[in-house]
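Residue numbers (our numbering), protein chains in the order written: chain A, 10 to 481; chain V, 46 to 469.
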């Protein structure tokens, strides 16, 4: 840590040490740049590592394990009564986070990236002022990367109190299992956390204001997901509006259902996950002429250049999809551009995963999107319930759906719902990035028995050559 | 927000086209639905309209250049947005140099990666990086791979082709002429004795279609003769009656009507072959293709539902289609979906010819020159008008006897207009 009243100088300052910022810092250092990384939190890694992707996946895995253990009877395995020691579970998760953030500290040290803890704001196009615990510090730079990420969108009527009304950060640190949980927001984060709480034994109600959950995805995704949510005992109200919190002995959430009727939902904990907003305010961006779009995201071109020469921006703060792996890629591109290498963010697809049960993952276009772009489409799908590997894993839920252009037979998109969808989607992402045709995939040998065969089968189905599914 | 207008997939298996001319210029403004450019495809010259109003920031293809479906053609600054300092300087070398110094960052296309589309011509990440290293714009490189896939070799040969350019590029300020699509340099000894004519896109398409058709189908031509004296008399009477209305019937509508009537009796001649399913597809609609001779080559517009049109409607439709075919202003829809083709070679002369099938159709009917000869009517010799009518068919699926019966039914209706009218 460096503090002081005089100005530090460096080649590049990176503001924000989330997945975008710390990766940019490392890559810049590898390219020979002298880098300062500014982070307001004590721990590096950002939301992803500290209160997002990693801790949530730890809890999701643990609760999946609980559920599988409970269901192991069907395989002849009786484990007796299963109890979950929630504080120990949370401690295990915290241990993972600690280990990973410590790893980032080491990487910074190894690459001689100087880290300043404090909140950065631009004083001029060449100077950042960092408010540290010990007063302001100045950083003079040649180039800057803004990687300040995003924050939960506040919901009027439900101010977070850290106790009754909480956000995703607190939800991952609950030390007990509430009896009644109301989740406001049926997006990916809301559904993931709803699954966690339900598997731990809470009675979960999800309120979603939109007419349906995961509306932008293949319609089959909604079907598969909703069926499983129902099995898990999760009640879903779509088109419903949360009106307010009623405190008392039996606290509850007041809501209006889609048909206009009043709902009163018991709520020991209210989890507010209604989207995220960019952290672009209070950074002095207007002072240095960095333009924002109408939603507050920083405008950049494919070289991640903002409207101010020498200032770049990456990650959530430049707009959707708000995903760590998009930030990783942007970080590397921005670092290369700064180092004078030809580079641009020219990716064909950004795959995405929802770690619900079952997992949902996709890359490229959905069938509807492909049609909207005037493609005549070939579509093939394959259900995991006829996959040998899925059955041996006791995971028959879900399917793989592939969409291709009917004329050229080029793959346009893949959606996967099911066990390990988040792992399986990478093959589709590679195929799309390489510009693969259906027969590139169908002629690739997939190991048997494996879940990856399902992608092969869906491709063959699109070609009208399905082997293991009778044609309808 | 900058918007990239790409060469849309217009269907009908059209993958590429050629830019005929730009109707807008860099820096100019364009309204929604205003034509941006003229593109020559396999079948027609079409205007591509702008889907949005805005400012033309950059044209990505030069006149004469071949473009593929998915290629970026124009970058538009959408209306309500200030055009960024033209991101494309006129000099090609400057525009494509890697220029590490971050220019006055035109925050042009916001990254919006979720909308990145797999519809642009495929190139692997490795190839894309190679092009970028060489300072080349992938959108200007023609891919030789499947579906226009751009390979490392394509990038390398493009780089080689433009290598000698930079020295010259300092010079002219006037409309820097884009290097014309390579005209072969004259060879020693040719001196005026030979002329080399580059093939038009249309000619290349016709060439491929003709070769494919001959290689695919088993062509046989059957010829018969019709006595059209009475038909000509009928037409004359009708035209006298129509004269006050200003409309006039040619013979073509009668031929089409007779053809449809005969096709209805012989469905196999109004059919196509589905090779994948190994099935004949008998069409229950009668869309008659009409071969039209144009200065640039043969074009076959389609008269949809010819069975439902009156002679007058048919006549107007044929005039309209043929006229626009000569001007190359037909839409793609007007060029596809034919079920049987009629080629009227008669006005040019000759006895008869043996046309090539218009795939995937199984029959093409030719009407040839009308010649006057003495002929018997009862026991008397009269001055009669005769016409050779041919049917060329795919012997893989249609036997000679079937074709002969079809042609006899057609000739009967041409010989005797009363029979034709009875079948209308």
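C-beta: ideal position from N, C-alpha, C; glycine also. These numbers were taken from a predicted model, which means no experiment stands behind them.
Is the Cβ of residue i closer than 8 angstroms to any Cβ of chain A?
i                      : result
residue 167 of chain V : yes
residue 192 of chain V : yes
residue 53 of chain V  : yes
residue 80 of chain V  : no
residue 452 of chain V : no
residue 170 of chain V : yes
residue 173 of chain V : yes
residue 49 of chain V  : no
residue 145 of chain V : Annotation note: pLDDT 35 at residue 145 of chain V (below 50); position unreliable, coordinate value reported separately. Interface residue, yes.
residue 161 of chain V : Legend: pLDDT at residue 161 of chain V = 44, less than 50; position of this residue unreliable, no value from coordinates given.
Note the first and the last residue of the continuous beta strand (DSSP E) segment covering residue i.
i                      : result
residue 320 of chain A : 320 to 322
residue 389 of chain V : 385 to 389
residue 432 of chain V : 425 to 439
residue 173 of chain A : No beta strand (DSSP E) contains residue 173 of chain A, which DSSP labels as neither H nor E.
residue 261 of chain A : 261 to 265
residue 264 of chain V : 264 to 272
residue 411 of chain V : 408 to 422
residue 116 of chain A : Unbroken run through residue 116 of chain A is the alpha helix (DSSP H), 95 to 119; no beta strand (DSSP E).
residue 171 of chain V : Not the beta strand (DSSP E): residue 171 of chain V falls in the alpha helix (DSSP H), residues 170 to 178.
residue 83 of chain V  : 80 to 85
residue 125 of chain A : 123 to 126
Should residue i go down as buried or exposed, given a rule of 16 or more other Cβ atoms within 10 Å for buried?
i                      : result
residue 115 of chain A : exposed
residue 468 of chain A : buried
residue 432 of chain V : buried
residue 403 of chain V : buried
residue 285 of chain V : exposed
residue 107 of chain A : exposed
residue 112 of chain A : exposed
residue 103 of chain V : buried
residue 435 of chain V : buried
residue 263 of chain V : exposed
residue 403 of chain A : exposed
residue 330 of chain V : exposed
residue 222 of chain V : The pLDDT assigned to residue 222 of chain V is 35, lower than 50, so where the model puts this residue is not dependable; a value taken from the coordinates is nonetheless given after this. Per the 10 Å Cβ criterion, exposed.
residue 394 of chain V : exposed
residue 396 of chain V : exposed
Answer yes or no: does any C-beta atom of chain V fall closer than 8 angstroms to that of residue i?
i                      : result
residue 419 of chain A : yes
residue 446 of chain A : yes
residue 442 of chain A : yes
residue 383 of chain A : yes
Kindly indicate the opening and closing residues of the alpha helix (DSSP H) around residue i.
i                      : result
residue 186 of chain V : No alpha helix (DSSP H) contains residue 186 of chain V, which DSSP labels as neither H nor E.
residue 449 of chain A : 447 to 451
residue 467 of chain A : 462 to 471
residue 64 of chain A  : 62 to 80
residue 31 of chain A  : 28 to 39
residue 251 of chain A : Segment 250 to 255 is the beta strand (DSSP E) holding residue 251 of chain A; no alpha helix (DSSP H) there.
residue 251 of chain V : 246 to 261
residue 17 of chain V  : The structure shown does not extend to residue 17 of chain V, since chain V is modelled only from 46 through 469, so no value can be given for it.
residue 203 of chain V : 197 to 207
Whose Cβ in chain C lies nearer than 9 angstroms to the Cβ of residue i?
i                      : result
residue 178 of chain V : Of the chains in the structure shown, none is chain C; the protein chains are A and V.
Looking at the ligand FMN, does it come within less than 7 angstroms of residue i, judged from the CB to the closest heavy atom?
i                      : result
residue 254 of chain A : The ligand FMN is not part of the structure shown, which contains no ligands of any sort.
* **Positions along the stretch 456 to 475 of chain A whose CB lies within less than 7 angstroms of some CB in chain V** => Listed by position, the residues of the stretch 456 to 475 of chain A near chain V (Cβ gap below 7 angstroms) amount to none.
* Residues, ordered as in the chain, of the stretch 339 to 370 of chain A that lie near chain V by beta-carbon distance below 9 angstroms -> Residues of the stretch 339 to 370 of chain A that bring their beta carbon within less than 9 angstroms of a beta carbon in chain V comprise 339, 346, 347, 348, 349, 350, 351, 352, 353, 354, 355, 356, 357, 358, 359 and 361, in sequence order.
* What are the uninterrupted segments assigned as beta strand (DSSP E) that are 3 or more residues long and contained completely in the stretch 378 to 439 of chain A, given in chain order? -> DSSP runs (the beta strand (DSSP E)) wholly in the stretch 378 to 439 of chain A: 386 to 392, 408 to 414 and 420 to 426.
* To do: Counting only runs of 3+ residues fully inside the stretch 294 to 364 of chain A, write out the beta strand (DSSP E) ranges in chain order.
  => Complete beta strand (DSSP E) runs here, min 3: 320 to 322 and 361 to 363.
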